[in-house]
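Worksheet for the structure shown next.
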Amino acid sequence: MVTNYNPAEIEGKWQKQWAEDNSFRSEIDYDRTKYYVLEMFPYPSGKLHMGHMRVYSIGDVLARFLRMRGYNVIHPMGWDAFGLPAENAAIEHRVNPAIWTEQNIGHMKKQQNRLGVSYDWSREVNTSAPDYYRWSQWLFLLMYKRGLAYKKQASVNWCENCETVLANEQVEKGLCWRCSSVVETRDLEQWFLRITEYAERLLNDLDILEDWPERVKIMQKNWIGRSEGAEISFTIKEFPGKEIKTFTTRPDTLFGVTSMVLAPEHPLVKKLVEGTEREKEVLDFVARVRKESEIERTAEEAPKIGLFTGRHVINPINGEEVPILVGNYVLMGYGTGAVMGVPAHDQRDFDFARKHKLPIRVVIQPEGGKLDGNTMSEAYPGEGNMVNSGSFNGLHNEEGMKKITEHLKKKGLGDFRVTFRLRDWLISRQRYWGAPIPIVYCDQCGTVPVPDTDLPVELPHNVELSGNRVPGLAHYEEFVKTSCPTCGGPARRETDTMDTFICSSWYFLRYTSPHSKDAPFKQSEVDYWMPVDQYIGGIEHAVLHLLYARFFTKVLFDAALIKAEEPFSRLLAQGMVYKDGAKMSKSKGNVVTPDEIVEKYGADTGRLFILFAAPPEKDLDWNDQGVEGSNRFLRRIWRLIEECREQFASVKGSGEIGEKESELERILHATIKKVTYDIQERFNFNTAISAIMELVNAIYSYRLGIEEKDQNSDLLKETLIKTILLLAPFAPHLTEETWHLLGNEGSVHEQSWPEFDSAKLVVDEVEIVVQINGKVRGRIVVPADCPEEELTLAAREDERIGELIGDRNIVKVIAVPGRLVNFVIR
RNA sequence: GCGGGCGUGGCGGAACUGGCAGACGCGCUGGACUUAGGAUCCAGUGGGAGCAAUCCUGUGGAGGUUCAAAUCCUCUCGCCCGCACCA
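If you want this note's numbering, it's the 1-based position in the first sequence plus 686.
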């Protein structure tokens, strides 16, 4: 009796079996090469979506494939469990965020298991669990001890909707990355991590990451934004003791400076205008600009506005007096917050100068050019020779940069300097659901770190859920009130929590020894498993998580806690899942969930489709009919195996290897070769699957062409078994079931990956294309090893080719053995 | 504006290092089986001409290199992504 493919029945059965057998548990084994496969862990929203299903399917194929290839694979999963949605849900459902999170984790884990993903659940981590965030706090203190965590008063990004501050990386085009509200600026005292200290290394080591997508590396490079130049000091004419420092990448244009423009936030602005007639006007302007949001201020149409302060600086190179202005386009956060204006050679300065009637003085003249400050219509930022620059005249500007900076350095008025766009990482969050920053403030001792032995600093448990938001830690008196770890006197705890990105910056290390009680991770474990060999996740973390995790890894490396200097050797940024050309969303009504697919077709079908429809790094358009196709293919295999099983039981087949048999063998081995290559070297699962489909088609053709009694059942059986092995990483349940149906022992997933036999790949005869003037005009069949000369002869003898050539001249013959012959005739 | 990527049938996508464009799948057309088919199987399927053998044409567009170009070069158009007053 041939049974039907019934995924609902077999998938649950094998999932249960694998769990009972602890099939995917991994342990250190020094005799085998380790392989760390990791998918970015999810926020436990409680709802698995297609993006999740895609990333897990990709990771699972690799994990299962590599196990069969003999690697000691670690494939863990966990929860990025702190964060705002839990608080919002807590208010909505009047339930403690911890409980809400716990429930979601339970639900999501079930959904993941229903997909048949081969995780080692014994390594599960939850960043919101005290035994995890204890170590997040410990790492914060490590940073603190190493001078990398500090508190400062600063102008910071504030999201009114989320009621918390944000790091620069978490602001996208002036909007909050999470809720898209307009981000404001506020002056607050906040905790920062000194990621800028690692800017140079984070930038340089991108070169080591050969197996990272270029675009991710470029995004990080842009974000870090290194520029070389000089810092130059200008003395203030009216306050001879005071100076203004400015950063420029063009010290060669110093003679062309006709203004000094300060950011509205610049600390000197107030002093410059104090008590002058311009004071009110300037301060009003500053206040107005500072009220603007970042988008308003940086909008393309935003005009460059500046106000004269009435004060002047002295140009250190030529002693000239230059007016000091305040300009809305100057950013306090970059360089020194003061810009020397060189209108002739910088477009912004040019626009600004034209508007404010400042002189434009050309100091770099391009080869053969005759620039004139009075008539030029745009700035000239290119290279050339220096003019109007005193003793530097005639120098090429590249040379001039060095010479001028050296000159200033000698006089103590400037120096070479490298500036980064990257800012220190603001990690304080004014929210409840995060890891408390382990700091205590004592009137006697000041800022005191919580001793390691007092960790974790636990969140208050009796969460108040009456208002419209979960109150922050400052609200809980029993949490705030504490005693000083140093003097024992009364003290108050820091009430901000840490950015959740802290927790996700080291979770891949915790997986290596998730139950470690006296350290964040065990040295032997972390050194064995790290680095992550293959990391898979969405491109949206190109700068955020991936930069932070690299930073943490480097700090831990410097502290000699780990041997890896980079966390992720290979990175795969998987594409998005769309439907009908748009992101899946409730409002568009185009949502398909993994649950629905599993219910309707089974997990194997869903996995197969998602991997077959597009290469992993490309965006994927979900197509319901395409899913049907994948399901049809699995049913086709099922039926094939069932029919063969019946046949093996009743018909004794022939043992002969004839032409058809060798052809089937050849296809089998060619498929093994291709599938292995496609998974291992290219991650092109779509072409690997199509190769398996072709193999199945070939088996069908073989069976269709010969009567059952003449079929070679040994070969057939071998071919079926190898097909199952090839398909095992993609469709783990169906292959496990059919593996057993064919009478095999043990799990299919514990078998060795099939090897191909090159001898089986050789063919006796090949078809060669014959071209005339590059156009295909015929085909000939020749022995596979037919050498060039004979190839040409055989082609020449072909009747049709002969006719076509006729008595025309053969100018040239190109013969490529195994491929083609091309006659160039005239 | 700068940087990166991508343009191939009705659709998703193949094509190693320049060597038969369109594998595989979806869809569509015809046929078989069937009370029925939205199951299954077989055949066909880039466009155009032809009864046909066959011919012409075709990888966003225009040039070029080459015996040979989806692939290499130049220009150009379009789309997507990132950065964008960064001094």
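Glycine residues also receive a C-beta, built at the ideal position from the N, C-alpha and C atoms.
Review point. Rounded to whole angstroms, how far is the Cβ of residue 747 from the Cβ of residue 712, which I believe are closer than 8 Å?
Key: Reading the first sequence from its first residue, position 61 is the one you call residue 747. Reading the first sequence from its first residue, position 26 is the one you call residue 712. Contact flag wrong, Cβ pair sits at about 17 Å.
Check your understanding: Should residue 1493 be labelled buried (16 or more other beta-carbon atoms within 10 Å of its own) or exposed?
Key -> Taking the first sequence and counting its residues from 1, the one referred to as residue 1493 is at position 807. The residue in question, residue 1493, is exposed, as its Cβ has fewer than 16 Cβ neighbours within 10 Å.
Point to revise | Proximity below 9 Å, CB of residue 1416 to CB of residue 1290 | key: The sequence position of residue 1416 within the first sequence is 730, counting from 1. The sequence position of residue 1290 within the first sequence is 604, counting from 1. Contact: yes.
Check your understanding: Taking the continuous beta strand (DSSP E) assigned at residue 947, which residues delimit it?
Key -> Translated into the one-based positions of the first sequence, residue 947 becomes position 261. For residue 947, the uninterrupted beta strand (DSSP E) run begins and ends at 945-948, by DSSP.
Exercise for review: Starting from residue 1179, follow its DSSP beta bridges and name the residues at the other end.
Suggested key: As a first step, residue 1179 must be located in the first sequence, where it is residue number 493. BP columns for residue 1179 point to 1126.
Check your understanding: In chain order, what residues of the same chain lie with their CB nearer than 8 Å to the CB of residue 1018, ignoring the 5 residues before and after it?
Key -> By 1-based counting over the first sequence, the position of residue 1018 is 332. Taken in chain order, the residues that qualify are 841, 949, 950, 951 and 952.
**Study point:** Closest Cα partner of residue 885 within the set 1340, 873, 899 and 907
**Key:** Locating residue 885 in the first sequence gives position 199, where the first residue counts as 1. Checking every option, the nearest Cα to that of residue 885 belongs to 907.
Review point. Bridge partners of residue 1464, per DSSP?
Key: Here residue 1464 is taken as the residue at index 778 of the first sequence, counted from 1. Answer is 1456, bridged to residue 1464.
**Study point:** The beta strand (DSSP E) enclosing residue 1306, as first and last residue numbers
**Key:** Counting from one through the first sequence, the residue named residue 1306 turns up at place 620. Taken as a continuous stretch (DSSP letters only), the beta strand (DSSP E) holding residue 1306 covers 1306-1308.
Check your understanding: Less than 9 Å separating the beta-carbons of residue 1310 and residue 1299?
Key -> Reading the first sequence from its first residue, position 624 is the one you call residue 1310. Reading the first sequence from its first residue, position 613 is the one you call residue 1299. At least 9 Å separates the beta-carbon of residue 1310 from that of residue 1299.
Exercise for review: Would you please state the rounded distance, in angstroms, between the beta carbons of residue 1044 and residue 944? I believe it to be under 8 Å.
Suggested key: Counted from its first residue, the first sequence places residue 1044 at position 358. Counted from its first residue, the first sequence places residue 944 at position 258. Yes, they are in contact, since the Cβ atoms of residue 1044 and residue 944 sit about 5 Å apart, within 8 Å.
Exercise for review: Determine which residues share a DSSP beta bridge with residue 1283 and list them.
Suggested key: Numbered from its first residue, the first sequence carries residue 1283 at position 597. Per DSSP, residue 1283 has no beta bridge partner at all.
Review point. Apart from the five residues just before and just after residue 803, which ones in its own chain have a Cβ nearer than 6 Å to its Cβ?
Key: Your numbering for residue 803 matches position 117 in the first sequence. These residues qualify, in order along the chain: 742 and 746.
Point to revise | Helix, strand or coil at residue 1219 according to DSSP, with G and I counted as helix | key: Counted from its first residue, the first sequence places residue 1219 at position 533. Looking at residue 1219 - three-state DSSP - the assignment turns out to be strand.
Review point. What residues in its chain sit with their C-beta under 7 Å from that of residue 1185, if we drop five residues either side in the sequence?
Key: For the purposes of this step, residue 1185 is taken as the residue at position 499 of the first sequence. So the qualifying residues of the chain are 853, 1113 and 1115.
**Study point:** Cα-Cα separation, residue 1410 to residue 1425
**Key:** Along the first sequence, read from residue 1 onward, the residue named residue 1410 stands at position 724. Along the first sequence, read from residue 1 onward, the residue named residue 1425 stands at position 739. So the two alpha carbons sit approximately 7 Å from each other.
Review point. In its own chain, which residues sit with a C-beta less than 6 Å from the C-beta of residue 935, not counting the 5 before and 5 after it?
Key: By one-based count along the first sequence, residue 935 stands at place 249. Cβ within range, chain order: 913 and 915.
Point to revise | For residue 1461, the nearest candidate out of 1106, 1487 and 1479 (CA to CA) | key: The sequence position of residue 1461 within the first sequence is 775, counting from 1. When each option's Cα is compared against that of residue 1461, the closest is 1487.
Point to revise | Limits of the alpha helix (DSSP H) - the one that residue 875 falls within | key: Taking the first residue of the first sequence as 1, we reach residue 875 at position 189. Taken as a continuous stretch (DSSP letters only), residue 875 belongs to no alpha helix (DSSP H), being part of the beta strand (DSSP E) at 869-879.
Review point. Are there 16 or more other CB atoms within 10 angstroms of the CB of residue 1041, so buried, or fewer, so exposed?
Key: Counted from its first residue, the first sequence places residue 1041 at position 355. Looking at its Cβ environment, which holds fewer than 16 other Cβ atoms inside 10 Å, residue 1041 is exposed.
Check your understanding: Taking the continuous beta strand (DSSP E) assigned at residue 1272, which residues delimit it?
Key -> As a working note, residue 1272 is residue 586 in the first sequence. Boundaries cannot be given for residue 1272, as no beta strand (DSSP E) includes it and DSSP labels it neither H nor E.
Exercise for review: Compare the beta carbon distance of residue 1412 and residue 1378 with 9 Å and say whether it is the shorter of the two.
Suggested key: Position 726 of the first sequence, counted from the start, is the residue given in the question as residue 1412. Position 692 of the first sequence, counted from the start, is the residue given in the question as residue 1378. In terms of Cβ geometry, residue 1412 and residue 1378 form a close pair [threshold 9 Å].
**Study point:** Whole-angstrom distance between residue 770 and residue 1423, CA atom to CA atom
**Key:** The sequence position of residue 1423 within the first sequence is 737, counting from 1. The sequence position of residue 770 within the first sequence is 84, counting from 1. Between the alpha carbons of residue 1423 and residue 770 lies a gap of roughly 43 Å.
**Study point:** Buried or exposed (CB count within 10 angstroms, at least 16 for buried), residue 1383
**Key:** Reading the first sequence from its first residue, position 697 is the one you call residue 1383. Exposure of residue 1383 is indicated by the presence of fewer than 16 other C-beta atoms within 10 angstroms of its C-beta.
Point to revise | Bounding residues of the beta strand (DSSP E) (the contiguous stretch that carries residue 845) | key: Residue 845 sits at position 159 when you count from the first residue of the first sequence. Counting along the chain, the beta strand (DSSP E) containing residue 845 begins and ends at 835-845.
**Study point:** Outcome for residue 1236 when other beta-carbon atoms lying within 10 angstroms are tallied against a minimum of 16
**Key:** Within the first sequence, residue 1236 is the residue found at index 550, counting from 1. Counting the other Cβ atoms within 10 Å of the Cβ of residue 1236 gives 16 or more, which makes it buried.
Review point. Cα separation between residue 1187 and residue 744?
Key: On the first sequence, residue 1187 is found 501 positions in, with the first residue counted as 1. On the first sequence, residue 744 is found 58 positions in, with the first residue counted as 1. When rounded, the distance between both Cα atoms is 24 Å.
**Study point:** Local conformation of residue 1062 per DSSP, three classes
**Key:** Position 376 of the first sequence, counted from the start, is the residue given in the question as residue 1062. Three-state result, residue 1062: coil.
Exercise for review: Give the straight-line distance between the Cα atoms of residue 1509 and residue 1084, rounded to the nearest whole angstrom.
Suggested key: Looking up residue 1509 in the first sequence gives position 823. Looking up residue 1084 in the first sequence gives position 398. Spanning the two alpha carbons is a distance of roughly 57 Å.
Review point. Nearest-angstrom Cα distance between residue 1340 and residue 1317?
Key: Counting from 1 along the first sequence, the entry for residue 1340 is found at position 654. Counting from 1 along the first sequence, the entry for residue 1317 is found at position 631. Computed Cα separation, rounded: 33 Å.
Point to revise | Sufficient close CB pairs (3 or more, under 8 Å) joining the region 1251-1261 to the region 888-902 | key: Flag = yes, the region 1251-1261 and the region 888-902 touch.
Check your understanding: By Cβ distance below 7 Å, which residues in the same chain neighbour residue 894 in space, the five residues on each side in sequence not counted?
Key -> Walking along the first sequence from the start, residue 894 turns up at place 208. So the qualifying residues of the chain are 1252.
Exercise for review: Can you give me the start and stop residues for the beta strand (DSSP E) that residue 1247 sits inside?
Suggested key: Within the first sequence, the letter at position 561 stands for residue 1247. For residue 1247, there is no enclosing beta strand (DSSP E), since its DSSP letter is neither H nor E.
Check your understanding: Would you call the region 1144-1157 and the region 764-780 touching, i.e. three or more CB-CB distances under 8 Å?
Key -> A contact exists between the region 1144-1157 and the region 764-780.
**Study point:** Contacts around residue 772, its chain only, beta-carbon distance under 7 Å, and the 5 residues preceding and following it disregarded
**Key:** Here the question's residue 772 lines up with position 86 in the first sequence. Excluding sequence neighbours, residue 772 sits near 783, 786, 787 and 1119.
Practice item. From the DSSP output, read off the bridge partner residues of residue 1257. Key: The residue you call residue 1257 lines up with position 571 of the first sequence. Assignment of beta-bridge partners to residue 1257 by DSSP yields 1221.
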